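Residue numbers (the UniProt record's numbering): 239 to 600.
I have placed the structure first, in the form of structure tokens, so that the comments after it can refer back to it.
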Ligand code: G6P
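What follows is the structure in structure tokens.
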């Protein structure tokens, strides 16, 4: 409806769309739940997931980052090997395909030309395709065999926020549904856990001032910034860096915590911002080791941790959610930090230079 494409009282679409995320998650729960509180999904999609021996996720930009998280869900919960590919690279670096591949295209707009050209190519080979998109009538949706709708509502800001979290939520539901269809016994109820996520997201969007202040301290005068994480957090720091560079033009990179010492640490100077996410118990101590290494070289460090893993010096503690779904919560501060960094630098938040909302040329 019209209200969705107007800013209302918001200064920017991006801020409005960040705020909409808890509602989008609740909408997804509603749309993917049947009357017995079980997952509702097309039988055709269930079968396609059941029959494949390997999934190839194809996407670009933020949707690619959601795919990296989705791979973890599908592999860990439903035991199907998954590869994630950048759409524009797929035809040059085409992997050896398995016997029964299933292609999953992730695209907010459903119009990204790089992804579409892979779809054309894989259809010629006769392989089935499923598209996750926010626009059900879009090219990638029409041309694929199956579609899963993200239900995020129109996303207007060029920098993607609510589509990313919607993609991850739908991928979690798909992974669990597939596991159940395969007879794998899981204690993880994604619909229930996503409800907890929605509340956690809401408590974060209610604390915007905190992120405004942290952004001021970290980014107001810097030329560059680094984001680090391990395990699941690594994928979120890639997205965090992309958000920051897209709208604030600060040169930003996301790194695996352990990879820092293999090169990037050479760039750390007095005051260089290094933001670390720690939401995974198995890597909590090792990522903190990385934070100490850069702090010792003068970095302006900022740890965002999840409740239960926090330490005194952390700048922000996230409400606790299921570890697998932590990316849905830890990304919110990253989106808000990017937003305020861009705002403080007087950048055009919703329409950053040189970027398009959907890129329909290869
Ligand atoms: C463009 C946008 C990005 C987006 C990417 C993929 O580069 O600026 O925000 O992540 O395209 O778009 P899609 O619609 O396929 O998810």
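All C-beta atoms in this analysis are idealised placements derived from N, C-alpha and C, irrespective of residue type, glycine included.
Here the structure is a predicted model, which is why all the values come from computation and not from measurement.
Cβ shell of residue i (< 8 Å), same chain only, five flanking positions each side left out
i           : result
residue 558 : 438, 544, 545 and 546
residue 277 : 270, 271, 411, 414, 415, 418, 428 and 429
residue 520 : 469
Cβ-based neighbour list, residue i, same chain, cut-off 7 Å, excluding 5 preceding and 5 following
i           : result
residue 348 : 369, 371, 373, 376, 377, 378 and 379
residue 400 : 255, 258, 259, 262, 390 and 393
residue 492 : 465, 475, 476, 478 and 479
residue 353 : 296, 297, 298, 325, 343, 345 and 378
residue 360 : 341 and 367
Residue environment, residue i, which counts as buried when at least 16 other CB atoms sit within 10 Å
i           : result
residue 568 : buried
residue 523 : exposed
residue 528 : buried
residue 280 : exposed
residue 512 : buried
residue 306 : buried
residue 384 : buried
residue 248 : exposed
residue 455 : exposed
residue 459 : exposed
residue 499 : exposed
residue 358 : exposed
residue 316 : buried
residue 285 : exposed
residue 333 : exposed
residue 510 : buried
residue 539 : buried
residue 402 : buried
Own chain partners of residue i with C-beta closer than 6 Å, once the 5 adjacent residues on each side are dropped
i           : result
residue 450 : 578
residue 535 : 506
residue 593 : 396
residue 214 : A query on residue 214 cannot be resolved here, the shown segment of the chain reaching from 239 to 600 and no further.
residue 431 : 560 and 563
residue 294 : 321, 339 and 341
9 Å Cβ cutoff met for residue i and residue j
i           : j           : result
residue 186 : residue 562 : An answer regarding residue 186 cannot be provided, because it is not within the stretch 239 to 600 covered by the chain.
residue 340 : residue 304 : no
residue 395 : residue 572 : no
residue 463 : residue 422 : no
residue 588 : residue 323 : no
residue 601 : residue 574 : A question about residue 601 goes unanswered here, because the residues of the chain that appear run from 239 up to 600.
residue 291 : residue 337 : yes
residue 397 : residue 484 : yes
residue 586 : residue 525 : no
residue 355 : residue 600 : yes
residue 570 : residue 408 : no
residue 406 : residue 565 : yes
residue 467 : residue 514 : yes
residue 583 : residue 452 : no
residue 556 : residue 596 : no
residue 283 : residue 386 : yes
Distance cut-off 8 Å: residue i Cβ against heavy atoms of the ligand PLP
i           : result
residue 344 : Although the ligand PLP was asked about, the structure shown includes only the ligand G6P as ligands.
query: In chain order, which alpha helix (DSSP H) runs of at least 4 residues are fully inside the UniProt domain "SIS" (452–590)?
result: Qualifying alpha helix (DSSP H) stretches, in chain order: 470–486, 522–533 and 564–582.
message: Just to confirm the assignment: which complete alpha helix (DSSP H) runs, minimum length 4, are found wholly within the region 255–293?
response: The qualifying runs are 259–269 and 281–289.
- prompt: Which ranges would you report for the alpha helix (DSSP H) in the region 399–461 if only whole runs of at least 4 residues count?
  reply: The qualifying runs are 400–419, 428–443 and 446–457.
task: Let me know the alpha helix (DSSP H) ranges lying completely inside the region 345–406, each 4 residues or longer, listed in chain order.
output: Fully enclosed alpha helix (DSSP H) runs of 4 or longer: 351–362 and 377–381.
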